[in-house]
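Asker:
Residue numbers (my numbering): 74 to 284.
Following this line, the structure appears as structure tokens:
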């Protein structure tokens, strides 16, 4: 993967135990782990900040922390390791770009699992009517308007999401747009993103909660 060294780095456990980790990519027996927001090239069998890389297979890495093993998938939000933020009280999201440079994230809306793609050009979180129906969002009684899409101008509905969560970060009362056109992913637009301070370094996007 771009940005990974061809030769495995010899890394040793040092400093305080990590609080968050996610997978940013792989190259052979190496994985790019984003540990506490910092990308680190780790070889299988190596321990860094209390995290031991057990195996790497394609888009998935298995790590061991305090004797417990867990799977990390490429593109997912960081996993909390410190036992904090279990109620969604975390304040930072770290994402890594997938092929094409897009940032995807698994998360939830109103407690139901969804797949997001970051879209800074979208005014609000946007989804298809089919997805809104699956999530049980009451949008048909909300304000209506018109939206311009690749298929022309279509009617759209405005709705409010009770909660939106990625990793251990949860925010509430997020404005959303529902359109009848099919969509492969839910667009993570500015009604969510403007609540964060955004910083991109190469293929890593960090969102720090502002309010």
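All C-beta atoms, glycine included, are put in the ideal place defined by N, C-alpha and C.
All values reported here derive from a predicted model rather than from experimental measurement.
Residues in the same chain with beta-carbon distance under 7 Å from residue 110, minus the five sequence neighbours each way, listed in chain order, please.
Answerer: In the chain shown, residue 110 corresponds to position 37, counting from 1. Excluding sequence neighbours, residue 110 sits near 165, 167 and 279.
Asker: What separation, rounded to the nearest whole angstrom, lies between the Cα atoms of residue 105 and residue 125?
Answerer: Here residue 105 refers to the residue found at position 32 when the chain shown is read from its first residue. Here residue 125 refers to the residue found at position 52 when the chain shown is read from its first residue. Straight-line Cα distance between these residues: approximately 13 Å.
Asker: Restricting to runs no shorter than 3 residues, where is the beta strand (DSSP E) found entirely within the segment 157-186?
Answerer: For the segment 157-186, whole beta strand (DSSP E) runs of length 3 or above, ordered along the chain, are 165-169 and 177-182.
Asker: Could you check whether residue 237 and residue 247 sit closer than 9 Å to each other, using their CB atoms as the reference points?
Answerer: Position 174 of the chain shown, counted from the start, is the residue given in the question as residue 247. Position 164 of the chain shown, counted from the start, is the residue given in the question as residue 237. Contact flag set, yes.
Asker: Taking the alpha-carbon positions, what's the residue 91 to residue 163 distance?
Answerer: Within the chain shown, numbered from 1, the residue matching residue 91 stands at position 18. Within the chain shown, numbered from 1, the residue matching residue 163 stands at position 90. Answer to the nearest angstrom: the Cα atoms are 15 Å apart.
Asker: With burial defined as no fewer than 16 other Cβ atoms inside 10 Å of the residue's Cβ, what is the status of residue 112: buried or exposed?
Answerer: The residue given as residue 112 occupies position 39 in the chain shown. By the neighbour-count rule (16 or more Cβ atoms within 10 Å), residue 112 is buried.
Asker: Please confirm whether residue 152 and residue 115 have their CB atoms less than 9 Å apart.
Answerer: Along the chain shown, read from residue 1 onward, the residue named residue 152 stands at position 79. Along the chain shown, read from residue 1 onward, the residue named residue 115 stands at position 42. Cβ distance not < 9 Å, so residue 152 and residue 115 don't count as in contact.
Asker: Can you tell me whether DSSP reads residue 205 as helix, strand or coil?
Answerer: Position 132 of the chain shown, counting from 1, holds the residue named residue 205. DSSP places residue 205 in helix when its eight states are reduced to three.
Asker: Helix, strand or coil for residue 246? Go by DSSP, reduced to three states.
Answerer: Locating residue 246 in the chain shown gives position 173, counting from the first residue. If DSSP states are grouped into helix, strand and coil, residue 246 belongs with the strands.
Asker: Just to confirm my understanding: we take residue 197, look at its own chain, exclude 5 residues before and 5 after, and list those with CB closer than 7 Å. What are they?
Answerer: Here residue 197 refers to the residue found at position 124 of the chain shown. Excluding residues within five positions, the ones whose Cβ falls inside 7 Å are 248, 249, 250, 262, 263 and 264.
Asker: Can you tell me where the alpha helix (DSSP H) holding residue 264 begins and where it ends?
Answerer: Here residue 264 corresponds to residue number 191 of the chain shown, with the count starting at 1. Start and end: 263-266.
Asker: Given a cut-off of 9 Å, decide if residue 169 and residue 266 are closer than it, judged by their beta-carbon atoms.
Answerer: Counting from 1 along the chain shown, the entry for residue 266 is found at position 193. Counting from 1 along the chain shown, the entry for residue 169 is found at position 96. No, they are not a contact pair.
Asker: Going by C-alpha distance, which of 140, 257, 102 and 118 is nearest residue 132?
Answerer: Reading the chain shown from its first residue, position 59 is the one you call residue 132. The residue with the shortest Cα to Cα distance from residue 132 is 102.
Asker: Only counting the same chain, and skipping five residues up and downstream in sequence, which positions put a Cβ closer than 8 Å to that of residue 211?
Answerer: Residue 211 sits at position 138 when you count from the first residue of the chain shown. 232, listed in sequence order.
Asker: For a minimum of 3 consecutive residues, which ranges assigned as the beta strand (DSSP E) are wholly contained in the segment 116-160?
Answerer: Segments of the beta strand (DSSP E) lying fully in the segment 116-160: 124-130, 133-138 and 141-146.
Asker: Helix, strand or coil for residue 255, going by three-state DSSP, please let me know.
Answerer: Position 182 of the chain shown, counting from 1, holds the residue named residue 255. Coil.
Asker: Could you check what DSSP says for residue 270 in three-state terms: helix, strand or coil?
Answerer: Mapped onto the chain shown, residue 270 falls at position 197. Strand.
Asker: Using only the alpha-carbon positions, how far apart do residue 146 and residue 206 sit?
Answerer: Within the chain shown, the letter at position 73 stands for residue 146. Within the chain shown, the letter at position 133 stands for residue 206. Whole-angstrom Cα-Cα distance: 27 Å.
Asker: Which residue's Cα is closest to the Cα of residue 202: 229, 186 and 271?
Answerer: As a first step, residue 202 is located in the chain shown; it is residue number 129 there, counting from the start. The shortest C-alpha separation from residue 202 is found at 229.
Asker: Going by the DSSP bridge assignment, what does residue 281 pair with across the sheet?
Answerer: Residue mapping note: residue 281 aligns to position 208 of the chain shown, counting from 1. Its beta-bridge partners are 165 and 270.
Asker: Taking all protein chains shown into account, do 16 or more other C-beta atoms lie within 10 angstroms of the C-beta of residue 75, making it buried, or fewer, making it exposed?
Answerer: Here residue 75 is taken as the residue at index 2 of the chain shown, counted from 1. Confidence is the limiting factor: at residue 75 the pLDDT is only 37, short of 50, which leaves the residue's position unreliable, though a coordinate-based value still follows. When all chains shown are included, residue 75 counts as exposed.
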